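Novice: Just dropping this structure here.
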Amino acid sequence: MLRLRTTLFLSCLLLTAPAVAQERVIPTENVRLDYAQVLGVEPVYQTLRATRTEQRCDEVPAATPEAQPPEQDESRWSRMVDSVRGWFGGDAEPERAPPVTLPPVKVNCRVVPIEREFQRPIAYDVDYIYKGVKYRSRLAEDPGNRLRIRISVVPYVAPAQSTASGP
977 MLRLRTTLFL SCLLLTAPAV AQERVIPTEN VRLDYAQVLG VEPVYQTLRA
1027 TRTEQRCDEV PAATPEAQPP EQDESRWSRM VDSVRGWFGG DAEPERAPPV
1077 TLPPVKVNCR VVPIEREFQR PIAYDVDYIY KGVKYRSRLA EDPGNRLRIR
1127 ISVVPYVAPA QSTASGP
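Residue numbers (our numbering): 977 to 1143.
Shown next, in the form of structure tokens:
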């Protein structure tokens, strides 16, 4: 009987030894960089709405004073003297002041909300092709006509199956 127990104990130890010795090995990752051809870039916009208030008034034109025509002495002698004065560098005709215009009077003022919309690009949807396969990614900036990509190759390892007697 003792021999049977010892044999059973040793056989159990031999069966559990491979399970303890089999630690899961994580394979190393093989990484390289390459370039993909960009097919198209579409900007993704964020729409911002801003409201501000502005004062609007109805304008009524102010009464304009009637301008009096300047006094002119248009006799033959005055024209002749003016032309001679012009030849010798004399004073030309004095410049006339522009007519005075009064600003319009504002009445019926009210506060009006004005809405504005702004659009700004926040990302770019990039379509690219690498080794005949098309991909799409959302990037923070426009990559141009080539996109640098990271290629990672790792062997597939099936997940460990738990045994019925395991936890």
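Where is the CB? At the ideal position from N, CA and C, for every residue including glycine. Just so you know, these numbers come straight off a predicted model, no measurement behind them.
1) Name, in chain order, the residues that DSSP records as bridge partners for residue 1112.
2) My assumption, with CB atoms under 8 Å, is that residue 1003 sits in contact with residue 1133. Please give the rounded CB distance.
3) Given a cut-off of 8 Å on the beta-carbon distance, is the pair residue 1129 and residue 1006 in contact?
4) Using 8 Å for Cβ pairs, my map puts residue 1091 next to residue 1027. What's the rounded Cβ distance?
5) Using a 10 Å radius around the Cβ and a threshold of 16 neighbouring Cβ atoms, would you call residue 1136 buried or exposed?
6) Alpha carbon to alpha carbon, how far is residue 1033 from residue 1012? Give it in angstroms, no decimals.
7) Could you please give the first and the last residue of the uninterrupted alpha helix (DSSP H) stretch that includes residue 1058?
8) Quick check: what's the CA-CA separation for residue 1052 versus residue 1062?
9) What are the start and end residues of the beta strand (DSSP E) that includes residue 1026?
10) Look up residue 1000 in the DSSP assignment and say whether it is helix, strand or coil.
11) Tell me where the beta strand (DSSP E) around residue 1129 begins and ends.
Specialist: So, from the listed chains and residues:
1) 1103
2) 7 Å
3) yes
4) 5 Å
5) exposed
6) 60 Å
7) 1052 to 1063
8) 16 Å
9) 1006 to 1036
10) coil
11) 1122 to 1129
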